[in-house]
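**Q** Numbers given in UniProt numbering equal positions in the sequence shown, counted from 1, plus 61. No residue lacks a Cβ here, since even glycine has one placed at the ideal position from N, Cα and C. Below: one structure in structure tokens.
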Amino acid sequence: DRIFKGTTKMREKLGVVDELLTYWTLEGTEDTLEALEESLIMADFGPKVSLQVCDDIREKILAGKIQSGDDILVELKSAIVDTLIQKGGSTELKLGDDKPSVLLIVGVNGGGKTTTIGKLSHRFSQEGAKVMLGCGDTFRAAAFEQLKKWCDRSGAQMGPFEEGSRPSKILYKTVEQAMKAGDIDIVICDTSGRLHTNYGLMEELKKCRRVLGNKMPNAPNEVLLVLDGTTGLNMLNQAREFHEFVGLTGLVLTKLDGTARGGAVVSVVNEIGVPVKFVGVGETLQDLQAFDPVTFVDALFP
Ligand code: GDP
């Protein structure tokens, strides 16, 4: 998990920063900071974070703590890492003491939710855990079959499914079945890829969260929002809304391997105060990495 193989495009986009800092002089500070801010905005870090980072650097320069472009790079990286750590908090997945731990996975269609569930399931299975998947997506045709495929590939079990049932009921029954089975360590609950603007569907999602809590006191242990990395700053509104309605505990940034816009996730963390826990870097079972702010920022600014 030490290397982010999915950061090539971001690194390309940010390559200009290195060049910029190489030519920094004290007199040219304002020009450098302006260009730096622009570069960060181009990589979708968002205006707020980009400005914040540059203000941080300016402060250090004025305080005489910076002697070279390399010093600026160190400060730049630590400003981004600090934002991720201080605003987001722990990136560790929180599992419960009682079996099973329950994860509720939410996000809009096409963002990579099903794939992420398959990857998570694989990851837990590899670690020796017994996994059950719950299909709370009753809106999309063939959602069950699709999830079942990932289930089989990752060696998990499938929870009960009933065409026409409410998602909340299916997920409730899934956790119930896992509790009865006794040996299931983790239940991963898929939900409908509802449009976040659709109020009725958001209500159903809230209900899913509530009924899981009724079944088990600490469930869900995590509510993870899957965000499509290629959407850049558009993910900000989505994250705000999901957080307001269901209360998120973590983020999964997908498709980082195909985008130069992943910087947006720093804006999301800064804005809603929820940490990134995993990053998707490809389409296979293995392509999920635990998120670590320092490793991430090191990969972006080598
Ligand atoms: P869902 O509608 O949110 O369940 O999305 P899916 O899991 O079906 O994924 C949508 C598409 O994104 C599929 O073609 C996946 O292969 C692709 N995908 C998901 N995660 C990643 C990722 O991390 N990297 C890449 N390159 N593709 C991904």
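When DSSP builds the beta bridges, which residues end up paired with phenylalanine 339?
**A** Start at 1 with the first residue of the sequence shown, and residue 339 comes out as number 278. Residue pairing by DSSP places phenylalanine 339 opposite Val313, Ala351 in a beta bridge.
**Q** Could you pull out every residue in the same chain whose Cβ sits closer than 7 Å to the Cβ of leucine 97, ignoring the five residues on either side in sequence?
**A** In the sequence shown, the residue the question calls residue 97 occupies position 36. The residues are Val78, Leu81, Cys115.
**Q** In the DSSP assignment, what are the bridge partners of aspartate 158?
**A** One-based indexing of the sequence shown puts residue 158 at position 97. Paired residue(s): none; aspartate 158 is not in a bridge.
**Q** Would you be able to state if there are at least three C-beta pairs under 8 Å between the stretch 174-182 and the stretch 228-235?
**A** no
**Q** Check whether the Cβ of glutamate 332 lies closer than 8 Å to any heavy atom of the ligand GDP, and answer yes or no.
**A** Within the sequence shown, residue 332 is the residue found at index 271, counting from 1. Not under cutoff, so the answer is no.
**Q** Is glycine 125 buried or exposed, if buried means 16 or more other CB atoms sit within 10 Å of its CB?
**A** Stepping through the sequence shown from its first residue, residue 125 is reached at position 64. Result: exposed.
**Q** Can you tell which of Glu73, Phe352, Val342, Glu344 has the C-alpha that lies nearest to the C-alpha of valine 330?
**A** On the sequence shown, position 269 is the one that residue 330 refers to. It is Phe352 whose Cα lies nearest to the Cα of valine 330.
**Q** Once you ignore the five residues that flank arginine 63 on each side, which residues in its own chain have a CB closer than 7 Å to its CB?
**A** One-based indexing of the sequence shown puts residue 63 at position 2. For arginine 63, the pLDDT reaches just 45, beneath the cut-off of 50, and the residue's location in the model is therefore unreliable, leaving the point undetermined.
**Q** Who pairs with valine 287 in a beta bridge, going by DSSP?
**A** Here residue 287 corresponds to residue number 226 of the sequence shown, with the count starting at 1. Val313, per the DSSP bridge assignment.
**Q** Compute the distance between the beta-carbons of valine 337 and glycine 149, then report whether it is under 9 Å.
**A** The residue labelled residue 337 in the question sits at position 276 within the sequence shown. The residue labelled residue 149 in the question sits at position 88 within the sequence shown. Yes. Within cutoff.
**Q** Quick one, are the C-beta atoms of glutamate 136 and lysine 121 less than 9 Å apart?
**A** Here residue 136 refers to the residue found at position 75 of the sequence shown. Here residue 121 refers to the residue found at position 60 of the sequence shown. Cβ atoms of glutamate 136 and lysine 121: closer than 9 Å.
**Q** Locate the beta strand (DSSP E) running through aspartate 251, then write down its first and last residues.
**A** The sequence position of residue 251 within the sequence shown is 190, counting from 1. Looking at the DSSP string, the run of the beta strand (DSSP E) that includes aspartate 251 is 247-252.
**Q** Quick one: does the C-beta of lysine 148 sit closer than 8 Å to a heavy atom of the ligand GDP?
**A** If you number the sequence shown from 1, residue 148 lands on position 87. Checking every heavy atom of the ligand GDP against the Cβ of lysine 148, none is found closer than 8 Å.
**Q** Just to confirm the assignment, what range does the alpha helix (DSSP H) spanning glycine 76 have?
**A** Stepping through the sequence shown from its first residue, residue 76 is reached at position 15. For glycine 76, the enclosing alpha helix (DSSP H) starts and ends at 69-83.
**Q** Scan the stretch 172-204 and note each continuous alpha helix (DSSP H) run of 4 residues or more that stays entirely inside, going in chain order.
**A** 174-187
**Q** Take alanine 280 and list the residues in its own chain whose beta-carbon comes closer than 7 Å to its own, dropping the five residues that flank it on each side.
**A** To locate residue 280, count along the sequence shown from 1; it is residue 219. Result list for alanine 280: Val163, Val236, Leu273, Gly274, in chain order.
**Q** Identify which residue in Arg119, Arg72, Gly76, Val287 has its Cα closest to the Cα of glutamate 95.
**A** For the purposes of this step, residue 95 is identified with residue 34 of the sequence shown, where counting begins at 1. Comparing Cα-Cα distances from glutamate 95 to each of Arg119, Arg72, Gly76, Val287, the minimum goes to Arg119.
**Q** List the DSSP bridge partners of leucine 101.
**A** By one-based count along the sequence shown, residue 101 stands at place 40. Looking at the DSSP assignment, leucine 101 forms no beta bridge with any residue, so it has no partner.
**Q** Kindly examine the ligand GDP and report whether one of its heavy atoms sits closer than 8 Å to the Cβ of glutamine 207.
**A** Here residue 207 refers to the residue found at position 146 of the sequence shown. Checking every heavy atom of the ligand GDP against the Cβ of glutamine 207, one is found closer than 8 Å.
**Q** Compute the Euclidean distance between the alpha carbons of histidine 183 and aspartate 318, then round it to the nearest angstrom.
**A** The residue given as residue 183 occupies position 122 in the sequence shown. The residue given as residue 318 occupies position 257 in the sequence shown. Rounded to whole angstroms, histidine 183 to aspartate 318 spans 19 Å at the Cα level.
**Q** Return yes when at least one heavy atom of the ligand GDP lies under 8 Å from the C-beta of aspartate 348, else no.
**A** Taking the first residue of the sequence shown as position 1, residue 348 is located at position 287. The answer is yes for aspartate 348.
**Q** In three-state DSSP terms, what is alanine 360?
**A** Start at 1 with the first residue of the sequence shown, and residue 360 comes out as number 299. Helix.
**Q** Using the beta-carbon count (16 or more within 10 Å), is aspartate 159 buried or exposed?
**A** Here residue 159 refers to the residue found at position 98 when the sequence shown is read from its first residue. Label assigned to aspartate 159: exposed.
**Q** Could you tell me the boundaries of the alpha helix (DSSP H) in which aspartate 131 lies?
**A** Working through the sequence shown from its first residue, we reach residue 131 at position 70. Start and end: 130-143.
**Q** Comparing alpha-carbon positions, which option in Gln299, Lys268, Leu297, Lys316 lies nearest threonine 291?
**A** Translated into the one-based positions of the sequence shown, residue 291 becomes position 230. Minimum Cα-Cα distance from threonine 291 among the listed residues Gln299, Lys268, Leu297, Lys316 corresponds to Lys316.
**Q** Which value, in whole angstroms, describes the spacing of the CA atoms of alanine 204 and cysteine 196?
**A** Taking the sequence shown and counting its residues from 1, one reaches residue 204 at position 143. Taking the sequence shown and counting its residues from 1, one reaches residue 196 at position 135. About 8 Å.
**Q** How is valine 167 classed by DSSP in three states: helix, strand or coil?
**A** Position 106 of the sequence shown, counted from the start, is the residue given in the question as residue 167. Residue state, collapsed to three classes: strand.
**Q** Got a sec? Which residues, its chain only, sit under 8 Å from serine 151 by beta carbon, not counting five neighbours each side?
**A** On the sequence shown, residue 151 is found 90 positions in, with the first residue counted as 1. Closer than 8 Å at the Cβ level, and outside the excluded window around serine 151, lie Pro336.
**Q** Does DSSP put methionine 277 in a helix, a strand or coil?
**A** The residue given as residue 277 occupies position 216 in the sequence shown. DSSP places methionine 277 in coil when its eight states are reduced to three.
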